[in-house]
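> The working numbering numbers the first residue of the sequence shown as 1202 and each following residue consecutively. We put the CB at the ideal spot given by N, CA and C, even for glycine. Structure in structure tokens, see below.
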Amino acid sequence: MSFTLMHRLGQSLSAGRLVAASAVLSLALVGCGESKVAQCNKLIAVVNKGQQISSSIKGMDAPAMKKLSTDLSGLSTEIGAVEVADETLKGFQGRFVKIYSDLSTASSKVGGALEEMEKTKKPSPESLKRLKQLQEDVTGASKMGETAAKDESALVKEVNTYCAGK
């Protein structure tokens, strides 16, 4: 609303009416933004791609884990790019970005370790030591992935509860 129009409103309305008119105008301007429901739907639509990614995994070998890592990293970036104005949704969005980034990192570590294990054909004492370390790396990365998956599950419930509220 232009200054001139506001000035004219101010001249023609009493002080009490101006406050009421300003409140109505403020509400109208806020109403022009996307609703909470629309913002929820945008965020949820992108987050749901995570389910598609996880169901498309073919095997648990190094190439599958590396592809999963790449896909999850892309999803994390895509989630971060969703435009939401609602502060609570921004918080959820940041948490989803971290979760999928952590899952990507865990998948990458598992993929790298599996790839290195597959290259070790004839174990030597040194390579056996390295294989043991790789096994520990895989276990640690798997635990990291499990934690992120549990966090994601809890976060989905929070988002659904928040988005279902009025």
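On a Cα-Cα basis, can you pick out the residue from Met1345, Val1339 and Ile1280 that is closest to aspartate 1262?
Nearest option by C-alpha distance: Val1339.
> So, valine 1311 versus isoleucine 1280, is the Cβ gap smaller than 9 Å?
Cβ atoms of valine 1311 and isoleucine 1280: not closer than 9 Å.
> Would you say the region 1283-1297 touches the region 1316-1324, given that touching needs at least three Cβ pairs under 8 Å?
Judged by Cβ distances under 8 Å, the region 1283-1297 makes no contact with the region 1316-1324, as fewer than three pairs qualify.
> For serine 1277, I'd like the list of residues in its chain whose CB is within less than 7 Å of its CB, leaving aside the five on either flank, ordered along the chain.
For serine 1277, where only same-chain residues beyond five positions count, the Cβ hits under 7 Å are Val1298, Tyr1301, Ser1302 and Ser1305.
> Going by Cα to Cα distance, which pick from Lys1358, Lys1259 and Thr1271 is closest to serine 1308?
Nearest C-alpha to serine 1308: Thr1271.
> Under a Cβ-count criterion, where at least 16 other Cβ atoms within 10 Å of its own Cβ denotes burial, should valine 1238 be classed as buried or exposed?
It is exposed - the Cβ of valine 1238 has fewer than 16 other Cβ atoms within 10 Å.
> My understanding is that glutamine 1240 touches aspartate 1287, with C-beta atoms under 8 Å, so please give their C-beta distance in whole angstroms.
Going by Cβ atoms, the distance from glutamine 1240 to aspartate 1287 rounds to 5 Å, so yes, they are a contact pair.
> Counting C-beta neighbours from all protein chains within 10 Å, is the total for glycine 1251 16 or more, i.e. buried, or is it exposed?
Buried, by the Cβ-count rule.
> If I measure Cβ to Cβ from valine 1360 and keep anything under 6 Å in the same chain, skipping five residues before and after, which residues do I get?
Once the five neighbours on either side are set aside, the close Cβ partners of valine 1360 are Phe1293.
> Tell me whether the beta-carbon of leucine 1329 lies closer than 9 Å to the beta-carbon of methionine 1318.
No, Cβ-Cβ distance for leucine 1329 and methionine 1318 is not below 9 Å.
> Shortest alpha-carbon distance to serine 1257 belongs to which of Ala1246, Leu1244 and Leu1273?
Serine 1257 has its Cα closest to that of Leu1273, out of Ala1246, Leu1244 and Leu1273.
> Beta carbon of glycine 1341, beta carbon of lysine 1267: below 9 Å?
Not in contact: glycine 1341 and lysine 1267 (Cβ atoms no closer than 9 Å).
> Out of curiosity, what's the CA-to-CA distance linking serine 1255 and leucine 1269?
Answer to the nearest angstrom: the Cα atoms are 8 Å apart.
> Count the other CB atoms within 10 Å of the CB of glycine 1346; is the residue buried (16 or more) or exposed (fewer)?
It is buried - the Cβ of glycine 1346 has at least 16 other Cβ atoms within 10 Å.
> For methionine 1345, report the span of its alpha helix (DSSP H) as first-last.
Counting along the chain, the alpha helix (DSSP H) containing methionine 1345 begins and ends at 1326-1365.
> Assuming lysine 1268 is part of the alpha helix (DSSP H), what are its boundary residues?
Taken as a continuous stretch (DSSP letters only), the alpha helix (DSSP H) holding lysine 1268 covers 1263-1282.
> Just to confirm my understanding: we take lysine 1243, look at its own chain, exclude 5 residues before and 5 after, and list those with CB closer than 6 Å. What are they?
So the qualifying residues of the chain are Val1283.
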